[in-house]
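Chemist: Per the working numbering, the sequence shown starts with residue 66, numbered consecutively. Here it is, the structure in full.
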Amino acid sequence: MADDILAQITEKLLIGETERVVALTEEALSAGLEPLVIINQGLLPGMEEAGEKFSRGEFFLPHLLIAAKGMQEAMALLEPELSLRQETPEVVGTVVIGTVHGDIHEIGKSLVGTLLSVNGFQVHDLGVDVPLERFVEKVQETGADILGLSALLTTTMIGQREVIEALDEAGIRDQVKVLVGGSPVSRKWANSIGADGYAEDALGAVEVARQVLGLGV
Ligand code: B12
């Protein structure tokens with residue numbers, strides 16, 4: 066039954082039936098499925114497959130846009146549910162997060178922001194296509210402990226390095242831990258640009274954020 070709803074969410078997301086995705090997400094919640102299970106086993110496999118079809122030339126940009134819309138509308142239902150499950154009421158750290166300049170991929174960055182926030186971090190989300198000076202300004206303004214940089218394109222990953230260099234130039238590199246992520250990003254890349262941490266997914270991001278601040282995992 067649960068597997069069936071999740072498989073249907075994946076399928077409807079992929080074929081762009083946004084209303085059905087939302088209705089099935091509601092159904093899954095009513096059936097007692099955890100929001101993270103719905104995200105990881107229902108929605109994300111659909112996004113993943115949409116990306117694969119796009120690489121194979123079976124899907125075009127509008128297909129990706131519609132799949133993204135389904136994911137975002139479902140997330141609007143799931144985010145409040147995730148917040149209800151928040152176990153850490155005290156603020157454990159401040160995070161500035163955004164997608165680097167030239168890159169408009171939003172979903173992964175927002176999911177990381179949501180899970181950090183649910184886990185006690187105060188999150189300032191700068192959105193997508195963020196100019197590097199904006200990251201520096203916001204870190205200065207908020208005194209953030211962590212800066213999260215998302216990049217989904219091999220051509221925009223370089224923006225992560227540029228932001229780290231800009232923090233250096235502003236003399237604040239040692240005041241903030243920089244985490245990087247996004248599907249083309251790897252631990253090797255993170256190390257090569259002098260980032261403090263890398264995570265493959267949003268749960269991993271919470272773990273690394275706690276680690277770099279010396280909080281128990
Ligand atoms: C949806 C989508 C779009 C949507 C985005 C809509 C939106 N509002 O976000 C639209 C249609 C706009 C789009 C546009 C483009 N896209 Co696109 N897109 C995707 C797709 C299918 C899904 C991305 C997604 O949301 N995944 C779901 C989220 C949850 O996963 P995620 O982003 O990877 O994030 C997770 C982790 O990476 C990590 N993470 C992410 N950020 C961070 C940050 C930190 C700090 C940490 C620690 C972790 C972390 O945690 C997240 C949660 O688990 C991917 C395919 C894929 N497999 O990634 C292609 C993909 C990323 N797109 C691609 C391309 C080529 C493009 C375009 C250039 C296409 C074009 N010809 O115009 C444009 C680029 C526009 C631009 N300038 O940015 C390629 C990139 C190839 C590459 N390696 O460079 C991909 C891989 C598709 C493919 N297989 O070819 N896209």
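We treat Cβ as the ideally placed atom computed from N, Cα and C, and that holds for glycine. All values derive from a computational prediction rather than experimental measurement.
Note down, in chain order, each residue of its chain lying with its Cβ closer than 6 Å to the Cβ of Arg85, except the 5 sequence neighbours on either side.
Modeler: Lys77
Chemist: Which of the three DSSP states, helix, strand or coil, is assigned to Ser215?
Modeler: In the structure shown, Ser215 sits in a strand (DSSP, three-state: E or B).
Chemist: Can you give the Cα-Cα distance for Ile104 and Leu197, rounded to whole angstroms?
Modeler: So the two alpha carbons sit approximately 30 Å from each other.
Chemist: To the nearest angstrom, how far is the alpha carbon of Ala67 from that of Gly262?
Modeler: 35 Å
Chemist: Since Val156 is in the beta strand (DSSP E), which residue starts that stretch and which ends it?
Modeler: Looking at the DSSP string, Val156 is not in any beta strand (DSSP E), and its letter there is neither H nor E.
Chemist: When every heavy atom of ligand 1 is checked, does at least one fall within less than 8 Å of the C-beta of Asp190?
Modeler: no
Chemist: Tell me the DSSP secondary structure of Ile190 in three-state form.
Modeler: Per the sequence presented here, residue 190 reads as Asp, with Ile not at that position. Note: Asp190 maps to strand in three-state DSSP.
Chemist: On the premise that Glu227 lies in contact with Val193, defined as a C-beta separation below 8 Å, what is that separation, rounded to the nearest angstrom?
Modeler: Actually they are not in contact, since the Cβ atoms of Val193 and Glu227 sit about 16 Å apart, beyond 8 Å.
Chemist: Return helix, strand or coil for Val250, following the three-state DSSP convention.
Modeler: Val250 sits in coil when the DSSP states are folded into three classes, being neither helix nor strand.
Chemist: In whole angstroms, what separates the C-alpha of Arg199 from that of Leu176?
Modeler: Distance between the alpha carbons of Arg199 and Leu176 is about 21 Å.
Chemist: Hey, out of Ile169, Gly208, Val204 and Thr159, whose CA is closest to Gly185's CA?
Modeler: Gly185 has its Cα closest to that of Thr159, out of Ile169, Gly208, Val204 and Thr159.
Chemist: Using a Cβ-Cβ cutoff of less than 8 Å, which residues in the same chain neighbour Gly224 once the five nearest sequence positions on both sides are dropped?
Modeler: Excluding residues within five positions, the ones whose Cβ falls inside 8 Å are Val165, His166, Gly167, Asp168, Leu197, Leu214 and Ala216.
Chemist: Can you tell me whether Glu180 is helix, strand or coil according to DSSP?
Modeler: Residue identity check: residue 180 is Leu in the sequence provided, not Glu. Assignment of Leu180 by DSSP, reduced to helix, strand and coil, places it in the helix class.
Chemist: Touching or not, the region 114-124 and the region 145-156, by the rule of three or more beta carbon pairs under 8 Å?
Modeler: no
Chemist: Going by C-alpha to C-alpha distance, which of Ala115, Ser120, His128 and Ala133 sits closest to Val87?
Modeler: Ala133
Chemist: On the premise that Thr90 lies in contact with Gly142, defined as a C-beta separation below 8 Å, what is that separation, rounded to the nearest angstrom?
Modeler: The sequence shown places Leu at residue 142, rather than the Gly named in the question. Leu142 to Thr90, Cβ: 5 Å. Contact.
Chemist: Would Leu28 and Ala93 be called neighbours here (beta carbons separated by less than 9 Å)?
Modeler: The question about residue 28 has no answer here: the residues shown for the chain are numbered 66 through 282.
Chemist: When you compare the CB of Leu181 with every CB in chain D, is at least one pair closer than 9 Å?
Modeler: Reference to chain D is not applicable here, since this structure consists of a single protein chain.
Chemist: Kindly list the residues whose CB is nearer than 8 Å to the CB of Glu138, restricted to its own chain and excluding five residues on each side of it in sequence; keep chain order.
Modeler: Hits under 8 Å: Thr83, Val86 and Val87.
Chemist: Looking only at C-alpha atoms, which of Arg252, Glu99 and Ile74 sits nearest to Leu108?
Modeler: Ile74
Chemist: Report all residues from its chain with a CB closer than 7 Å to the CB of Ser182; omit the five preceding and five following residues, and keep chain order.
Modeler: These residues qualify, in order along the chain: Val188.
Chemist: Suppose contacts are defined by Cβ-Cβ distances below 9 Å. Is Ser248 in contact with Gly173 by that definition?
Modeler: Contact flag set, yes.
Chemist: Counting only the same chain and skipping the five closest in sequence on each side, list residues whose C-beta sits under 8 Å from that of Gly281.
Modeler: Arg275
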